[in-house]
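Engineer: I have a structure I would like to understand better, so I am pasting it below and will then ask my questions one at a time.
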Amino acid sequence: MERHTHDPDSVPAAIGGYTNGLEVLGAQRLLFVSGQIPEDSTGSVPTDPEAQCRIIWANILATLADAGMTAPNIVKVTTYLSDRAVAEVNTKVRAEILGDHRPALTVVLAGIFDPKWLLEIEVIAAD
């Protein structure tokens with residue numbers, strides 16, 4: 001599978017660990033990971049934003065692993081934040097998880113189904 005980023009000079013620069021466009025060639029499989037919520041396997045939801053974000057990413061990585069994929073397979077991330085105050089920790093944790101990998105990215109400020117959840121993240125992965 002080949003990937004090409006597209007960040008033309010005519011659009012705002014992609015900063016913060018993403019690319020404006022990600023072209024994927026030769027992908028044999030696509031995995032659509034539903035919005036992951038900040039609940040661990042016991043149903044517990046921490047109140048700390050960073051802990052919530054880390055649980056979500058652990059759930060995403062576990063789902064990817066179940067399909068034989070890892071974080072570099074992610075081609076699109078959509079994050080829903082309940083409050084702008086969560087944005088900084090979300091960016092920090094995502095950067096730790098993805099490293100230099102730059103998928104397409106959208107962050108939306110929105111009401112989330114359960115008021116205990118400060119964020120929800122869905123991804124698309126390709127292999």
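Quick note: the sequence shown uses the UniProt record's numbering, first residue 1, plus one each step. Even glycine gets a Cβ: it sits at the ideal position worked out from N, Cα and C.
(1) Would you grab the beta carbon distance between tryptophan 57 and valine 93 for me? Rounded to a whole angstrom, and I think it's under 8 Å.
(2) Cα separation between alanine 104 and serine 41?
(3) Leucine 30 by DSSP, collapsed to three states: which one?
(4) Going by other Cβ atoms of all chains shown within 10 Å of its Cβ, with 16 needed for buried, is leucine 22 buried or exposed?
(5) Take isoleucine 124 and list the residues in its own chain whose beta-carbon comes closer than 6 Å to its own, dropping the five residues that flank it on each side.
(6) Classify arginine 54 as helix, strand or coil using the three-state DSSP reduction.
(7) Using C-beta distances below 7 Å, list every residue in its chain close to leucine 109, excluding the 5 sequence neighbours before and after it, in chain order.
Structural biologist: To lay it out plainly:
(1) As a working mapping, residue 57 is identified with position 57 in the sequence shown. As a working mapping, residue 93 is identified with position 93 in the sequence shown. Contact flag correct, Cβ pair sits at about 6 Å.
(2) Numbered from its first residue, the sequence shown carries residue 104 at position 104. Numbered from its first residue, the sequence shown carries residue 41 at position 41. Their Cα atoms are separated by approximately 28 Å.
(3) As a first step, residue 30 is located in the sequence shown; it is residue number 30 there, counting from the start. Of the three classes helix, strand and coil, the one that applies to leucine 30 here is strand, per DSSP.
(4) As a working mapping, residue 22 is identified with position 22 in the sequence shown. Leucine 22 is buried by the Cβ-count criterion.
(5) As a first step, residue 124 is located in the sequence shown; it is residue number 124 there, counting from the start. Cβ neighbours of isoleucine 124 beyond the five flanking positions: Phe32, Val75 and Lys76.
(6) As a position in the sequence shown, residue 54 is number 54, starting the count at 1. Of the three classes helix, strand and coil, the one that applies to arginine 54 here is helix, per DSSP.
(7) Within the sequence shown, the letter at position 109 stands for residue 109. The beta carbon of leucine 109 sits closer than 7 Å to the beta carbons of Leu81 and Arg84 from its chain, once the five residues preceding and following it are set aside; these are given in chain order.
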